[in-house]
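Enquirer:
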Amino acid sequence: MPDLSYEQALAPALVCGVDEVGRGPLAGPVVAAVVAFLAPPHAALAAGLDDSKKLSAKRRQAMCALIRAEAEAGRLLLGLGRAEAAEIDRLNILKATFLAMARAVAALPGPVDCALVDGNQRPPLPLARVECLVKGDGLSLSIAAASVLAKVTRDQEMCELSQRFPHYGWERNAGYGTAEHRAAITRFGITEHHRRSFAPIGDLFVNL
């Protein structure tokens, strides 16, 4: 289970955890979140947070609500950033992910000193120290909180987009390339939220 040992090792610096969701889908933005604990975490957060992929949707939503409540109470800082499909196509997914992370850091309501970033690719964030932590969402509580916040935020947005674009099943697949989604692309074409640089979209619609 994740804890704050990595954050505490960098004390007295204020450390934030950074994670993203949505690198692989065929549609929708990549969303990044940043969380920095200003006070000891709520007991339910400390006990309930983990890699967002290991948590049920109901558990993620409960943890996200608690993260937001703790932010409103001034016990943690949170920031969200995103890069849209058009930016992903223009920049490539890695650069767009780094852009979303930088926007999330910029959205924080207060300053932080250092970042722990999930994965092995270091984004160029404007902080004194940025460290990568492979499988960090299962090790660092700050990263785990950011992971849940990013996942719930993006899933909710894809559900909202599915109201406008009902053919693609985004409320179920979150824009990932399921058989249902691919079949809908072939039948109905693409939207402004699809990533034209991603296969099979680029192969199917090379002239669009």
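Residue numbers (my numbering): 1 to 208. Yeah, the Cβ is synthetic: ideal placement off N, Cα and C, and Gly gets one too. Model, not experiment: these values are computed from the prediction.
(1) What is the residue span of the alpha helix (DSSP H) that E70 lies within?
(2) Is it right to say C16 is buried, meaning 16 or more other beta carbons lie within 10 angstroms of its own, or is it exposed?
(3) Using DSSP's beta-bridge definition, name the partner residues of A36.
(4) Relative to the C-alpha of P123, which residue among R187, K95 and S140 is closest?
(5) Check whether the Cβ atoms of I127 and C114 lie closer than 8 angstroms to each other.
(6) Please classify C159 as buried or exposed, where buried requires at least 16 neighbouring CB atoms within 10 angstroms.
(7) In terms of alpha-carbon separation, which member of H194, G202 and P200 lies closest to A83?
(8) Determine whether the beta carbon atoms of L55 and T153 lie at a separation below 8 angstroms.
(9) Starting from A115, follow its DSSP beta bridges and name the residues at the other end.
(10) DSSP state of D51, grouped into three classes?
(11) Identify which residue in R23, Q8, R182 and S147 has its Cα closest to the Cα of D89.
(12) Exposed or buried, what is R60 when buried is set at 16 or more other beta-carbons lying within 10 Å of its beta-carbon?
(13) Could you tell me the alpha carbon to alpha carbon distance between S147 and D203, rounded to whole angstroms?
(14) Name the one or two DSSP bridge partners that G199 has.
(15) By DSSP, does H194 sit in helix, in strand, or in coil?
(16) Going by beta carbon distance, what residues of the same chain come within less than 6 angstroms of F198, once the five residues before and after it are set aside?
(17) When the Cα atoms are used, what is the spatial distance from Q8 to R196?
(18) Might you give, ordered along the chain, the residues of its own chain that have their beta carbon closer than 7 angstroms to the beta carbon of Y6, omitting 5 neighbours on each side?
Expert: Considering the structure as presented:
(1) Run containing E70: A57 to E72, per the alpha helix (DSSP H) assignment.
(2) Result: buried.
(3) L77
(4) K95
(5) Contrary to the premise, residue 127 reads as Leu rather than Ile in this sequence. Here L127 is near C114, since their CB atoms are less than 8 angstroms apart.
(6) Exposed: under 16 other Cβ atoms inside 10 Å.
(7) H194
(8) Their beta carbons are not under 8 angstroms apart, which means L55 does not touch T153 by this criterion.
(9) C16 and V130
(10) Note: D51 maps to coil in three-state DSSP.
(11) R23
(12) R60 counts as buried, since at least 16 other C-beta atoms from the protein chains shown sit within 10 angstroms of its C-beta.
(13) 32 angstroms
(14) At residue 199 the sequence reads Ala, which differs from the Gly that was named. Partner(s): none; A199 has no beta bridge.
(15) strand
(16) L26
(17) 43 angstroms
(18) L116, L133, L139 and S140
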